[in-house]
Structures are given as C-alpha cells and as structure tokens.
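Protein chains in written order, with my numbering: chain G, 1 to 205; chain X, 1 to 233.
Quick reminder that beta carbons are idealized off the backbone N, C-alpha and C, glycines included.
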Amino acid sequence: MTTTIQAIDVVVGYHARPVADAGSFSVDAHRLTVITGPNGSGKTTLLKTIAGLLPATSGRVTPRLPHGAGGVVFVHSTPYLFAGTAGHNIQLACGRDHQRARELLTTLNLEPLRNSDVRRLSTGERQRVAIARALAAEPRLLVIDEPEGGLDANGMDTWRRILEQALLAGRPSIVIATHQLAALAGLPLNVVPLPRGDSTTTRSR
Amino acid sequence: MSLLDSIGDAVMLIARGDAEVWRVTAVSLQVSISALLLAVIAGLPAGYAVAVAERSVASIGSWVLHTMAALPTVVVGLTLYFVFSAAGPLGWMDVLYTRSAMVTGQFILALPILAAIALTAVRNLPVEAHETAITLGVGRYRRMQLLLMEARGALVSAVLIAFARIFSELGAAVILGGNIRGQTRTLTTVIALEYAKGDDARAIAMGLILVVVALGINGFVHGAALWRGAERR
Chain G
1 MTTTIQAIDV VVGYHARPVA DAGSFSVDAH RLTVITGPNG SGKTTLLKTI AGLLPATSGR
61 VTPRLPHGAG GVVFVHSTPY LFAGTAGHNI QLACGRDHQR ARELLTTLNL EPLRNSDVRR
121 LSTGERQRVA IARALAAEPR LLVIDEPEGG LDANGMDTWR RILEQALLAG RPSIVIATHQ
181 LAALAGLPLN VVPLPRGDST TTRSR
Chain X
1 MSLLDSIGDA VMLIARGDAE VWRVTAVSLQ VSISALLLAV IAGLPAGYAV AVAERSVASI
61 GSWVLHTMAA LPTVVVGLTL YFVFSAAGPL GWMDVLYTRS AMVTGQFILA LPILAAIALT
121 AVRNLPVEAH ETAITLGVGR YRRMQLLLME ARGALVSAVL IAFARIFSEL GAAVILGGNI
181 RGQTRTLTTV IALEYAKGDD ARAIAMGLIL VVVALGINGF VHGAALWRGA ERR
C-alpha cells in the first residue's frame, strides 16, 4: 500500500488552541481516507491541516506536500468559485492545458455550463465545478470537505465514479470528511473517527 | 454683478470654447489621470501585500495607510516643496513648478487611499477565497490578480474616491505647480486665482467644468457597472 502522507500524533486547532486530537494515521493511494465525527469535532480543521492550510497544534503531517499541481489541493464544503465562468475556474487550475479542462468538463457533466457565470450555478453545480477544478490541478493528494453537499443522485454517481477511478489508479490519493459513510459502501476505506471536541484521548491507527 | 449674471457669463465662456478654459481643463485631466494611473499601479499591489502580510504587519500597515489617506493636501504640497526646492534633497531634479511635481503630489495623495481601500477589501474577502487561491497552487502574482479581481467592486470605488480627491485638490497643485499660465494652471488653481482677482464668471466656469467632469466620470463608471450587472442577469 503506497502511503501518501502520514499524520503522527496530530492535534489540530486554531492559533495554538486545540480543537481535535486526531492521533496517528496514514493516507494511502488505494484506500479512501474518511474523517468522520459529529458537528464541531474538528473535521474541517483536520482536513485543512492535512492540506497544509493550517499548522498542527502538535504532532506533524509528513511529508509536507506543496500546494497545487503534484501536491495537495483542498476543496471547501461550500466551495469558493472565482468570478467568471465555470470554464475559467477550471482553466485556472490547469494553466494552458485546454484539452484537460475539456475532459474534466465532460467527466463531470459540466460541458453545458462551461460558459455560465458561476453566480448562476446551483449548489450542486458549484460543487462539481470545484471538484473539476481541484482535479484539473492534477494533485497527488485531494482533500475534500463533505463532497456530497449539494450533489443530487446523478452528481453522487459521478462522484463515486471519480473516486473509484482514483482509487484504482492510485492518484490522486483522497481524504474526505463526511456524514454519509453508507454512500461509500463497497469502497476500500480507512476511517478516521474524531471524538467530540473536548476529547484528549490519543488513538493510533 | 449678480450670481445669475456670473453663471450666465460662465456658461458663455464654456460655450464659445474659450481657449484658456479648455487648456486649463486639459492640464487638470492630464496631471490627475497620470497621478491616478501611477497610484493604481503602485497602490493596489501595496494594499494587497499589506493585507496578506502577518497580522501585526497588516494592522500597523492599515493604521499608517489610513493616516496617510487623511493628510491635508497642503501639507503634502509643502513637504514636497521643501524636497524639490533648490536646497532640498531632490532639488537637482529641477521639477518644482512643473506638471511632474504636481503629478508627484497627487500621486502621494491618491496612493494611500487606493492602498488602504485595497487592503480592507482584500482582508474582507472570505477566508475561503484566500485558501482556494493558495491551495490551487497559483503563483504569487496570479494570486494577487485573482484576489484583487474578487475585490473589484471596492477597488472601483477606491479609484473614484482617489480621483475625486486629487482632481479637486488645490493645496498641492498650487504649491508644487506655481499656477503658471499654460503650464501648471489647473481648474482649482484658476478658481482660487480668479476668485482673488474678482473674475467671478471665469471662476464659476472652471467650477462648473470641475463638477461636470467629476460627475461625468462617476456617472460613466457607475453606468458601466450597472450595464455589466444587467448583462449578467
């Protein structure tokens, strides 16, 4: 099993104030790493720490991947799209590779929305644009906060297909936070449960 | 002469295309637009750089820029006068009483306004905007472009406010330009001069042009914004 990153005795938080003790775990290329836990347990904080957007309060995530292409990309639960069209957002991440942008638009059924202003998109469409944009960067590690948010049945099917392909190919390695484990049935999972925010128990996986 | 007579004469001056009136208007626009362009090129990146700096740097930077934005124009004019005067540190440049000196003065007046508003606008963007630009791995320069574009609504206001401040200022223009006919005479310096001489019609004519240009530019920018907004709907 190819390990992409390892979290070692990681405690995450904001401004040195601990929010969650995630312990130790590894993110593998052929297994979907799933962070679970109740609201307020620190899932987003842990994801941002894995994605290198926040420093760990203690412990470490190793190796430290660069942001973007060949490194790590994070997708928010409510994705932020830059002003312009869906196509512009995807192109932003893949530079001059127009072919790749076109492929992703097709894969995520976004071709009809290519020239749509992002302000006109539904929540699910925004989510798909954000996932396409993240994949466009060709990261080694993709970290997504509640990817199912806003996706309808078709969107979920597409998402599952992308997950299956990535797990098979071993790239990108994927970490998600979710409340819907049932939707991931049949996929090879590495579940990292977070206790409520007040827990200080250290766990090893 | 009543006020109405003066206004009538002022309108006549403008209508018959008085050469002096248009020359002064052209000098005003040339100086202010040059200063504004330079201030936009320097001020927006400066505001962005302070906004994304460490919290303590950003706080001090914000305080400095907002303080500078409130500097009286006459103080800026006087300070630069000493800098550019023959005995001053930049006296060798020999720019005092030229349009270059006026552009420098107006640049210094516009810069902190643009930088301060850019700073606030970029800091007020959602944290997700900053994080998304970082996580996608776009280069520093492209990230700045992206985030300034996200804050463009506030930046358009910043440009209008900065232009309004420098186009209508008198203190720096009169001290650094010296109000030389055909060279550094601007709408505001002429208003002050003609008022002192008692030529109300000429002063009012310049005042009218000043107001019309300021309103026109504001109207144009707001109109363009409304049109673009309507086009997107």
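Can you confirm whether residue i, when its beta carbon is compared against all beta carbons of chain G, has any partner nearer than 9 Å?
i	result
residue 123 of chain X	no
residue 152 of chain X	yes
residue 194 of chain X	no
residue 184 of chain X	no
residue 126 of chain X	yes
residue 14 of chain X	no
residue 54 of chain X	no
residue 129 of chain X	yes
residue 80 of chain X	no
residue 137 of chain X	yes
residue 73 of chain X	no
residue 134 of chain X	yes
Looking at chain X, is there any beta carbon in it that lies within less than 9 Å of the beta carbon of residue i?
i	result
residue 78 of chain G	yes
residue 133 of chain G	yes
residue 66 of chain G	yes
residue 16 of chain G	no
residue 137 of chain G	yes
residue 92 of chain G	yes
Determine the DSSP secondary structure at residue i, reduced to helix, strand or coil.
i	result
residue 45 of chain X	helix
residue 190 of chain G	strand
residue 98 of chain G	helix
residue 16 of chain X	coil
residue 155 of chain X	helix
residue 6 of chain G	strand
residue 13 of chain G	strand
residue 21 of chain G	strand
residue 169 of chain G	helix
residue 5 of chain X	helix
residue 31 of chain G	coil
residue 171 of chain X	helix
residue 24 of chain X	helix
residue 36 of chain G	strand
residue 177 of chain G	strand
residue 41 of chain G	coil
residue 202 of chain G	Low confidence applies to residue 202 of chain G: its pLDDT is 41, below 50, so where it sits in the model is not reliable enough to give any reading.
Whose Cβ in chain G lies nearer than 9 Å to the Cβ of residue i?
i	result
residue 44 of chain X	The contacting residues do not exist; residue 44 of chain X stays about 16 Å from chain G at best.
residue 166 of chain X	Those within 9 Å of residue 166 of chain X in chain G number zero; the least Cβ separation is about 29 Å.
Mind pulling the chain X residues with CB within less than 7 Å of residue i?
i	result
residue 218 of chain G	This structure leaves residue 218 of chain G out entirely; chain G is present only between 1 and 205.
residue 82 of chain G	146, 150
- Note down, one range per segment and in chain order, each alpha helix (DSSP H) of at least 4 residues found wholly within the region 64 to 150 of chain G. For the alpha helix (DSSP H) assignment, the uninterrupted runs of no fewer than 4 residues enclosed by the region 64 to 150 of chain G are, from N- to C-terminal side, 86 to 94, 98 to 107, 123 to 136.
Taking a Cβ distance cut-off of 9 Å, strictly less, list which residues of the region 44 to 75 of chain G are near chain X, in chain order. In summary, the residues of the region 44 to 75 of chain G whose CB is separated from some CB of chain X by less than 9 Å are 48, 51, 52, 53, 66, 67, 68, 69, 70, 71, 72, 73, 74, 75, in the order they occur in the chain.
**Q.** Residue ranges of each alpha helix (DSSP H) within the region 178 to 219 of chain X, 4 or longer
**A.** Taken in chain order, the unbroken stretches of alpha helix (DSSP H) that lie wholly in the region 178 to 219 of chain X and span 4 residues or more are 187 to 197.
message = For a minimum of 4 consecutive residues, which ranges assigned as the alpha helix (DSSP H) are wholly contained in the region 108 to 151 of chain X?
response = List check, alpha helix (DSSP H) in window: 127 to 135, 140 to 150.
Taking only runs of the alpha helix (DSSP H) that begin and end inside the region 66 to 113 of chain X, which ones reach a length of at least 4 residues, in chain order? Counting only runs of 4 or more, we get 73 to 84.
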